[in-house]
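Residue numbers (the working numbering), protein chains in the order written: chain A, 1204 to 1756; chain B, 2 to 110.
Note that CB positions come from ideal geometry on N, CA and C, so glycine has one too.
Written out below as structure tokens is the structure these notes cover.
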């Protein structure tokens, strides 16, 4: 498996952290620590207290897992939880039912496979996210994973940035086709080339969702690669100094960028960057080469781009053809493909994976994809390096495992936060709405007819379900003791970033699915040939849907 | 403007070890809201909350919730969130048995 491996220092650091937290838990249980004292400590270790139970969020750096790690996650689900985990919109996994007294044992088990729950909560730099096809995408300029790993090492336990005004999220893409939502992060990075062809980054700051959604703004068109950490430190310092700490709802960097204005913010960052010598964090080519070595290409076979085995299977098996037409992604290595395993079963809970699912995927990864798995921010899994010759066998394995849904990017490939079924902050349920919609549109032929359509559902204004960037966004709120749902239209998480516009008055839980269907039917009526939902929405404007949406409401 | 009538309240929290929903009773804590002691006026409710705050090693984050009384006099949460806390997740055969509070409540019903 071609991914970063701990060195001895990493191992000691994580083990020491587990021992420290074990002691803190014991002191909490004995009563030596109050909850007020314990809460910030548990949050530094990814442990939340939700509606019905504790929740432990485990870090999956830039979404990369080995099959061994995935099996351990399955074992933890069975041993300490209720046999399943939940893939998150930041490429992590969380368990919904751990017991406080067993959390340190879980963390010990995780440490055994080089995993932890650090940087999954609290006001620190969170787990860095990236393109799930990083390193294999045919459209990629450069593999973003070495930079993501570099930022992970730089940010973990960084003493200056452990008590920020608010949480801080960084995402990076190596492709111009953004699959990491970099315009909706506190810092987004796009790998680019300078005028002389030298590698570097476009730096985007101040994006985010939540109650004040904003599209990030470019503060540097081109930052030379070696200057990355120094420049990031300058941004973090400006934020740490000027970011608001008096009001958590105005504490994210997007508010600072907005209030200062882009030019003033840039001036502050550049002044800070000029002020401090950067030699201590300047990136040497040797260090980058050391990290990059962990992400060397696997031992690919030399294959022709076209696989007769694959083409024959596709021609003879319509179900396989449908899946292959939807869930494959173009690989940069001839004769290979990247595969998305959608965790979006009809009537299922988006992103929930059972221990059985995890072990099945781990086995398939070992057989067909060099033992590697990626978690996507769309709450799916990816096998990144599959020979086209093996795709039919892989698909048959997925069918047996119940993981062969051919719906990547379609209306049933829904992002949904845990919502009020689990989350202490939620104001309405998300998962049942996703289930109802996926049930209504269960017919895969109908889904294909509709085409690409991203529905994203949040159970509160904090927008963990990314509703602002859904082509159709759904926000759950509570009104007079009942759930109701606002619909937004035209959001876009990619390089053509847009925040969805509210369609109008909200709908009851019972009325949402009908409302979505009215939107979809209107789209099918008015679309031009080959036009996606988002393209239609942009051409005609979101208001075109209002009449259809509220005609009988 | 007429003063709003007082809404009866009970104290709820999360149990320290499991995080499960619990309620303050006359003698301690219970996962069953039917056993909760009810504050029928502001002074009584505040007194219950203060009592709960003296047991932080048992119950995490105690707070008052609004309740209505059923025909048989049992408190029932007014807000959706609190109803969810009684019943557990509404989704997923994956979730295993519902929390004790839901079981004991349905057993009592």
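- By the criterion of a C-beta distance shorter than 7 Å, residue 1472/A is surrounded in its chain by 1422, 1437, 1438, 1441, once the five residues flanking it on both sides are discounted.
- Counting the other CB atoms within 10 Å of its CB gives residue 1234/A a total below 16, which places it among the exposed residues.
- Relative to residue 1736/A, the option among 1714/A, 1683/A, 1650/A, 1705/A whose CA is nearest is 1650/A.
- Counted as a single uninterrupted DSSP element, the beta strand (DSSP E) harbouring residue 1691/A occupies residues 1685 to 1692.
- Excluding the 5 residues flanking it on each side, residue 1397/A has same chain C-beta neighbours closer than 6 Å at 1403, 1425, in chain order.
- Beta-bridge pairing by DSSP links residue 30/B to 25/B.
- Under DSSP, the beta-bridge partners assigned to residue 1586/A are 1542/A.
- Secondary structure in the segment 1424 to 1463 of chain A: the alpha helix (DSSP H) runs of 4 residues or longer, each lying completely within the stretch, are 1431 to 1445, 1456 to 1463 in chain order.
- Against chain B, the CB of residue 1716/A has no partner CB under 9 Å away; the residue lies outside that interface.
- For residue 1403/A, the enclosing beta strand (DSSP E) covers residues 1402 to 1408.
- Residue 1417/A carries a strand assignment under DSSP once its states are collapsed to helix, strand and coil.
- Assignment of beta-bridge partners to residue 60/B by DSSP yields 16/B.
- Between residue 58/B and residue 27/B, the alpha-carbon positions lie close to 18 Å from each other.
- Taking 8 Å as the upper bound on Cβ-Cβ separation, chain B lies near residues 1623, 1624, 1625, 1629, 1630, 1631, 1632, 1634, 1635 of the segment 1620 to 1636 of chain A.
- In the DSSP assignment, residue 1344/A falls outside any beta strand (DSSP E), carrying neither H nor E.
- Under the 10 Å beta carbon count, residue 1683/A is surrounded by fewer than 16 other beta carbons and is classified as exposed.
- DSSP assignment within the segment 1221 to 1259 of chain A yields the following whole beta strand (DSSP E) runs of 3 residues or more, N-terminal first: 1250 to 1252.
- Under the three-state reduction of DSSP, residue 1681/A is assigned to strand.
- Distances from the alpha-carbon of residue 1409/A to those of 1465/A, 1690/A, 1559/A, 1671/A put 1465/A closest.
- For residue 1285/A, there is no enclosing alpha helix (DSSP H), as DSSP marks it with neither H nor E.
- For a cut-off of 8 Å, the C-beta gap from residue 1624/A to residue 1634/A is around 5 Å, short enough to register as a contact.
- Separation of residue 1575/A and residue 1336/A (C-alpha to C-alpha, rounded to the nearest whole angstrom) is 12 Å.
- The three-state reading of DSSP puts residue 1624/A in helix, counting H, G and I together.
- Residue 1690/A is not a Cβ neighbour of residue 1672/A, given a cutoff of 9 Å.
- Neighbours of residue 82/B across chain A, judged by C-beta separation under 8 Å: 1254, 1623, 1629, 1630, 1681.
- When rounded, the separation of the alpha-carbon atoms in residue 1259/A and residue 1750/A is 44 Å.
- For residue 1721/A, the enclosing alpha helix (DSSP H) covers residues 1712 to 1729.
- Take residue 73/B, set aside five residues on each side of it, and no residue of its chain has a beta-carbon closer than 8 Å to its own.
- In this structure, the straight-line span from the alpha carbon of residue 1348/A to that of residue 39/B is close to 56 Å.
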